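Working notes for the structure below.
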Amino acid sequence: MRIKRLLFILIGINLFYSCAEKSLIIKKPHLIPAPSNLEVKSGQFTLNKNTTINYDDDFAASAKFLRTYLSKSFPLKINNEFTSNVISFNKDSLISNVEGYKIEITPKLITVHASSDRGAFYAVQTIRQLLPAKLENGSFQDKQIILPCLNIEDEPQFEYRGMHLDVARHMYSVDFIKKYIDALALLKMNTFHWHLTDDQGWRIEIKKYPELNTIGSYRKETLIGHYNDQPHQFDGKRYGGFYTQDQIKEIVQYALDRKITIIPEIEMPGHSQAVIATYPKLGCDIKPVEVATKWGVFEEIFCTKEATFTFLEEVLDEVIQLFPSEYIHIGGDEAPKTRWKTCPDCQRRMKQEGLKNEQELQSYFITRIEKYLNDKGRQIIGWDEILEGGLAPNATVMSWRGTEGAITAAKEKHNVIMTPTSHCYFDYYQSDNENEPLSIGGFLPLEKVYHFNPLPDELSKQEKQYIIGAQGNVWSEYMPTESQVEYMAFPRLLAMSEVVWSKEESKDYNDFISRLEHFNERLKILEIKFANHLYEVEGEMVARDNKLNYSLKTLTENKIIRFSLDGREPTINSEIYGHPIPITEKTTIKAAVFDTKSQLGQTFSETINFHKAVGKKVSLNVAPHKAYSGSGKEGLVNGIAGSDTRYGDKEWLGFWGDDLEIEIDLDEITKINSISTRFYNANGQWIYSPQQVIVKFSEDSSIKEKMHSGLVENRDSLISNFNIKFEDLSASKLILTIPGFGMIPEGKQGAGNKSWTFIDEIVIE
Ligand code: TNX
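To convert, note that position 111 of the sequence shown is 111 in our numbering; the numbers rise steadily by one, no gaps.
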């Protein structure tokens, strides 16, 4: 008898625990991109195996997506009675944005409201993110999920929310393209810009021109290391491939099922060496060239003779059969005009058409292709170079060289997509850790992407309506593998999704970071190899009450920073950082983020060179370009040098086409033994070090000036130096005059554009 009772008690306890164990309670939603409105209420809804689904016919596709997604853990049966424990999709034509939706969770129902299936689809992505990440791969084991009651109202800020991928420089599998598209859908992005052709390879099957795929899709070898490493070395391995038309159709349908439009890009007239290698007669020179084996800009571009247009029209005929998108991207960027200038066919064409210069010839080229596509019911997008020589009448401009192109195009009442290098180029470094995988250069940390505002201040409210959205670009010169693409794209794509979806008022970087920490679990389960820089230390020099302090911070909450000032690695026993560290001499700070047990991220190290100008007053004749204003002009004399490999970090200041005048006030007459500074020199990114620096001094404001000048050295390297020494010189004030390099010369990337000047610390010893 007693044994029986004991058995009952044991079974009871067991049942109680197994029930308790088997339900997962969600307390707080961690949605990316942030919704316009989220209100958590009291009460809860329980999702379990008895939950059913019910939907308006218009939402069959999204409801099916949700059922398939949940099928392994919760097979939702269809139920047409509105009882309880139901997920219900209802049509609400009052929701004016076709991509907008509402979700209401009450103890009995999860109700989705939308006016179109696109809105319903985004509601499903939100529901997906409300649920535990383990549902992504079917590894969820619990019997039920308890969700908080809530109301969400949501709609996108921009109608064009894009992500790009270059498959010409390196190519990726069909499965990978689908995985990329899946991630875009999860983040409510709606456009995939597929860069299919370039100098280094043609990646789309064209039946009419099979040699494009037997010759143009393959290069004989590929550059090893960085383009700036001299001499260039190659791997000696044939590389290439293309997507068949069947594969493309499959991918286009896959994307459509996820409300994603694919915009194909067929580059013209530049970035077309792979075609000219295949059909030399389409170039100006007829001399054979190879599919390019290194990166950059090439002079072999399409000739403007009739044969080129026939070829392109026939190629585009096949392209539009495959891609139902309204827009076709025709490239238009970086087309050197060297060949056209001496080509009899092009010169004849200019005369016949009354064109003043080669820019107008490019405009003729693009406008003619635009007309062809318009007649077939399609619109063109082109990179902002299509503005030069006159914009084709209906073109949409993709603004990448800063925002000037966007401003001009919007003022001319043309639609614009924002993708400036400064905030949208995910091929740039995202951390200044020296062990990051090799990249093209630049520096674009997550925070800078997050704070991107696609609407330029220079535009009026009316003009801003022409900015239809923005996109992140993944150029793949330095991404030979799929996991490298993921490392560069994630998490910056998450920040971009919030830039294009969320309203300015719903954006908060710290909150984004805490949501991201949760989202990382989902990325892991999805086997996306994202970069994780969340547990790194960031440092900054701050001047307060005429004293200099160095402050440290980490992005994530509930973590501590420990640091050392003696050059040793920080450990779990090092001092805990509480407030800014006073700096009065040359100091090396090492710091890292710890939880209670161990170090989480990498060690941060900064050396402050306490020279004679540190913390002094500095003024500039022009402000640095707003995309590269780093820690401001004070950064020129804060004792901290810029990175040797990332010109966009906060210690480098960038100026576009300006001559500089920098004045430093040392407060009192000071003996000066030397002045030195550094300039960045990455010609591929249009950055040129200046040739000379002129320095003027005065002992006080009334006394005569002395002038010295010196040449900038190492102008062939990534970093150039200026250094001038003095035997017997004292001064209280000095002015450095630095004439910019000027226009980018012919034959170089960006020829004809203004060059950039990047300068870091001005060291006075
Ligand atoms: C410029 S963006 C290019 C691409 C390169 C990229 C590298 C644009 C229209 N042209 O060809 O891959 O820079 O960042």
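We put the CB at the ideal spot given by N, CA and C, even for glycine.
Here the structure is a predicted model, which means the values were calculated and not measured.
Query: Close Cβ partners of R118 (< 7 Å) along its chain, the five nearest in sequence each way excluded; Result: V98, E99 and K259
Query: C-alpha distance - T51 paired with E136, whole-angstrom precision; Result: 19 Å
Query: Selected residue, minimal CA-CA separation from S116, among S84, A168 and S62; Result: S62
Query: Closest Cα partner of L600 within the set N609, I581, K617 and P570; Result: P570
Query: Three-state class that DSSP yields for Q692 in the structure shown; Result: strand
Query: For K77, the residue or residues it bridges with in DSSP; Result: T52
Query: Residues near W475 in its chain [Cβ-Cβ closer than 6 Å; skip 5 each side]; Result: D166 and D427
Query: Straight-line Cα distance separating D375 from I330; Result: 15 Å
Query: Close-in-space but distant-in-sequence residues of the same chain around T244 (CB under 8 Å, 5 per side omitted); Result: E205
Query: Inter-residue Cα distance where the pair is V614 and I672; Result: 14 Å
Query: E360 versus V416: straight-line alpha-carbon distance, rounded; Result: 21 Å
Query: Three-pair Cβ contact test at 8 Å for the region 404 to 412 versus the region 377 to 391; Result: yes
Query: Cβ-Cβ distance between F158 and A470 below 8 Å; Result: yes
Query: Whole-Å CB distance - K617 paired with S631, under 8 Å assumed; Result: Rounded, the Cβ-Cβ distance is 15 Å, inconsistent with contact.
Query: 8 Å contact criterion, which S325 and I301 should meet: CB distance rounded; Result: Contact flag wrong, Cβ pair sits at about 25 Å.
Query: Where A473 falls, given that 16 or more other Cβ within 10 Å makes a residue buried; Result: Ala is not the amino acid found at residue 473; the sequence shown has Asn there. With 16 or more other Cβ atoms within 10 Å, it is buried.
Query: Three-state class that DSSP yields for D511 in the structure shown; Result: helix
Query: Among I764, K529 and C149, the one whose alpha carbon lies nearest that of H611; Result: I764
Query: Those runs of the beta strand (DSSP E) which lie wholly inside the region 91 to 138 and span at least 3 residues; Result: 101 to 105 and 109 to 114
Query: Delimiting residues of the alpha helix (DSSP H) encompassing M496; Result: R492 to W501
Query: Coil, strand or helix - R544 by DSSP; Result: strand
Query: Rounded straight-line distance, which links the Cα of P210 to that of R349; Result: 29 Å
Query: Nearest-angstrom beta carbon gap, I581 and N549 [assumed within contact, 8 Å]; Result: 6 Å
Query: Cβ neighbours of T46 in the same chain (closer than 6 Å, five flanking residues each side left out); Result: Q144 and I146
Query: CB-CB length for W501 against K188, believed under 8 Å; Result: 5 Å
Query: Y69, buried or exposed, once every other Cβ within 10 Å from all chains shown has been counted against 16; Result: buried
Query: Where T403 falls, given that 16 or more other Cβ within 10 Å makes a residue buried; Result: buried
Query: Cα-Cα separation, T757 to K72; Result: 57 Å
Query: Heavy atom of the ligand TNX within 7 Å of W202 beta-carbon; Result: no
Query: Supposed close pair P480, F530 - CB separation, criterion 8 Å; Result: The pair is not a contact, with the Cβ atoms about 18 Å apart (cut-off 8 Å).
Query: Classification of Y509 by the beta-carbon crowding that lies within 10 angstroms, buried from 16 upward; Result: exposed
Query: Three-state class that DSSP yields for H708 in the structure shown; Result: strand
Query: V319 in three-state terms, based on DSSP; Result: helix
Query: Coarse secondary structure for P393, derived from DSSP in three states; Result: coil
Query: Environment of N54 [buried if 16+ CB atoms lie within 10 Å]; Result: buried
Query: 6 Å Cβ shell around F121 - same chain, five flanking residues per side excluded; Result: S62 and K259
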